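Following: one structure in structure tokens, then a few remarks.
In mature numbering (1 follows the signal peptide of the UniProt record, and there is no 0), the protein residues as written are -17 to -1, 1 to 450.
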């Protein structure tokens, strides 16, 4: 281009001839460049917007873009931006031009009037994925038997080209409220296929749903508001009620109540939690718990189902009356290591050499101690006190040795030993001790008069001691 500087050519249209760049300058121009360039991205929909402060009404706008593959910046040429040529508005859709969502892109735009052109605007730089918003999910609703059934489809359902490549990484947040003047908003997480209960009958509810992309913690746009009226729930007298879990030392039992006086049989069913995260209909994937089929008891041992402690499970009870009519209970959720309660440890206490208490501690669960040891990092806490009427409270001791000095005079001492999870140790304050939810049941009271026979400690003695 010889001595010409780029600044002198910005108001000129360029043409190519004989493989060389040639510029035709059509005098001076008073056209102003577009200002405040912005790009809005929702899923794979791209919109370029700008402001024009000139007084001209017969102008159009054209944009160019370039993109940098794998962070390369050499040899990149400006190209016309499809969908944004000779536009009379101050926005344009260029979705068809962008297919590389993780690469850096530059955009610029100018004003045109016949042969006149303004200088290019400042360059807008973007990486599509970084500025993209998650679009609203699709939702379908059904009102039945006092609940609202909802089915959610991902924001880019049925699209070939996607910004969000993993639909299973979406989580969904529901906001629901009564369609009334003094409505209270309720927010909760839902699965792609779910039901909303605890609703008033014959009441209109409105709701909206947003998707959250767990990989980047991005919150999406809410769906349009949908409103639906609830029905009355049919009360079935033989349904199992008050379904609950009792779990101790990785032994799991389901219990429920039966208020029906006639004959009722039960099937206990379970569902692997991951199936609820899928978009398929999981209603046909419930399975019966072996040993809990066609039973008349109101309890079931389902420990055989918990083969993996890292998963999540759902359980429900199907009741069937003498006329072969069935009813499903509410579901209960089981996260094995959270639902399980740690039982008390086994201990033996005796006096050694007349001045030391010898305390032997064995893991919770008896013969199942291997299961407990492999799934919990356990430590132990000893609480002790003098067995007298003047007790002021518990004493606490972190102990490193199986021996504790006794008083010079024979004084009866009592103790409780409790299992705790190691990660909780830093939170313990023995001066004002209160059991935490992660703590186990205590071992019961032991006195140094209870057992003075002495015994050889097993290899497990004090294997998990507080240090």
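For glycine and all other residues, C-beta sits at the position ideal for the given N, C-alpha and C. Quantities reported herein were computed from a predicted structural model and do not represent experimental measurements.
Which first and last residues belong to the beta strand (DSSP E) in which residue 345 is found?
-> 339 to 345
Where DSSP assigns a beta bridge to residue 461, which residues make up the other side?
-> There is simply no residue 461 to check, as the chain begins at -17 and stops at 450 in what is shown.
With DSSP collapsed to three states, give me the class of residue 418.
-> Confidence in residue 418 is poor, its pLDDT being 49 and thus under 50, which makes the residue's placement unreliable; the coordinate value appears in the next sentence. Three-state result, residue 418: coil.
Span separating the alpha-carbon of residue 354 from that of residue 138 | 43 Å
Same chain, Cβ closer than 8 Å to residue 214, neighbours up to 5 away in sequence not counted | 126, 127, 128, 129, 184, 185
Please confirm whether residue 265 and residue 296 have their CB atoms less than 8 Å apart.
-> no
Please confirm whether any heavy atom of the ligand NAP lies closer than 7 Å to the CB of residue 226.
-> Looking for the ligand NAP in the displayed structure turns up nothing, as the structure carries no ligands at all.
Residue 172 bridges to which residues according to DSSP?
-> 156
Is the Cβ-Cβ distance between residue 172 and residue 158 less than 8 Å?
-> no
Just tell me which of 33, 25, 26 has its CA closest to the CA of residue 18.
-> 33
Identify every residue that forms a DSSP beta bridge with residue 245.
-> DSSP, once it has assigned bridges, lists no residue as partnering residue 245.
Bounding residues of the beta strand (DSSP E) (the contiguous stretch that carries residue 320) | Where residue 320 is concerned, there is no enclosing beta strand (DSSP E), although the alpha helix (DSSP H) it sits in stretches over 319 to 322.
Along the chain, where does the alpha helix (DSSP H) that runs through residue 359 open and close?
-> Here residue 359 belongs to no alpha helix (DSSP H), and DSSP marks it neither H nor E.
The beta strand (DSSP E) enclosing residue 196, as first and last residue numbers = 187 to 196
In the structure shown, what three-state DSSP assignment does residue 146 receive?
-> coil
When burial is assigned at 16 or more other CB atoms within 10 Å of the CB, is residue 420 buried or exposed?
-> Confidence at residue 420 is low in this model, with a pLDDT of 47, below 50, so the placement of that residue is unreliable and no value is reported for it.
Pick helix, strand or coil for residue 3, following the three-state DSSP scheme.
-> Below a pLDDT of 50, predicted positions are generally treated as unreliable, and residue 3, at 36, falls in that range; the measurement from the model is reported next regardless. The answer is strand: DSSP assigns residue 3 an E or B state.
Decide if residue 390 is buried, meaning its Cβ has at least 16 other Cβ atoms within 10 Å, or exposed.
-> Low local confidence applies: a pLDDT of 44 at residue 390 is under 50, so the model's placement there is unreliable, and no value is given.
For residue 96 versus residue 14, is the C-beta distance shorter than 8 Å?
-> yes
Taking residue 288 as the reference, give the member of 240, 357, 236, 324 with the closest Cα.
-> 236
Would you report the Cα separation of residue 124 and residue 131, rounded to the nearest angstrom?
-> 7 Å
Find the nearest neighbour of residue 257 within the set 37, 154, 47, judged by alpha-carbon distance.
-> 154
Per-residue burial, residue 24 [other beta carbons within 10 Å of its own, 16 or more giving buried] | buried
Does the Cβ-Cβ distance between residue 16 and residue 72 come in under 8 Å?
-> no
Starting from the C-beta of residue 440, find all residues in its chain whose C-beta is less than 6 Å away, skip the five residues before and the five after it, and write them out in chain order.
-> Residue placement at residue 440 is flagged as unreliable, the pLDDT there being 35, under the threshold of 50; the coordinate-derived value follows with that caveat. Taken in chain order, the residues that qualify are 343.
Under a three-way DSSP split, which group does residue 435 fall into?
-> In this prediction, residue 435 has a pLDDT of 40, which is less than 50 and means its spatial position is unreliable; what the coordinates show is noted afterwards. The answer is coil: DSSP assigns residue 435 none of H, G, I, E or B.
Which residues in the same chain as residue 75 place their Cβ atom closer than 6 Å to its Cβ, once the five residues preceding and following it in sequence are excluded?
-> 31, 66, 67
Spatial distance of residue 69 from residue 199 (CA atoms) = 37 Å
Relative to the alpha-carbon of residue 149, which residue among 51, 117, 45 has its alpha-carbon at the smallest distance?
-> 117
Does the distance from the C-beta atom of residue 135 to that of residue 227 stay below 8 Å?
-> no
Output the distance between the C-alpha atoms of residue 152 and residue 99, rounded to the nearest integer angstrom.
-> 50 Å
What whole-angstrom Cβ distance do residue 300 and residue 368 have, given they're in contact under 8 Å?
-> Rounded, the Cβ-Cβ distance is 45 Å, inconsistent with contact.
With 16 as the cutoff for other CB atoms within 10 Å, does residue 222 come out buried or exposed?
-> buried
Residue 255 in three-state terms, based on DSSP = strand
Euclidean distance between Cα positions of residue 177 and residue 78 = 34 Å
Helix, strand or coil for residue 303, going by three-state DSSP, please let me know.
-> strand
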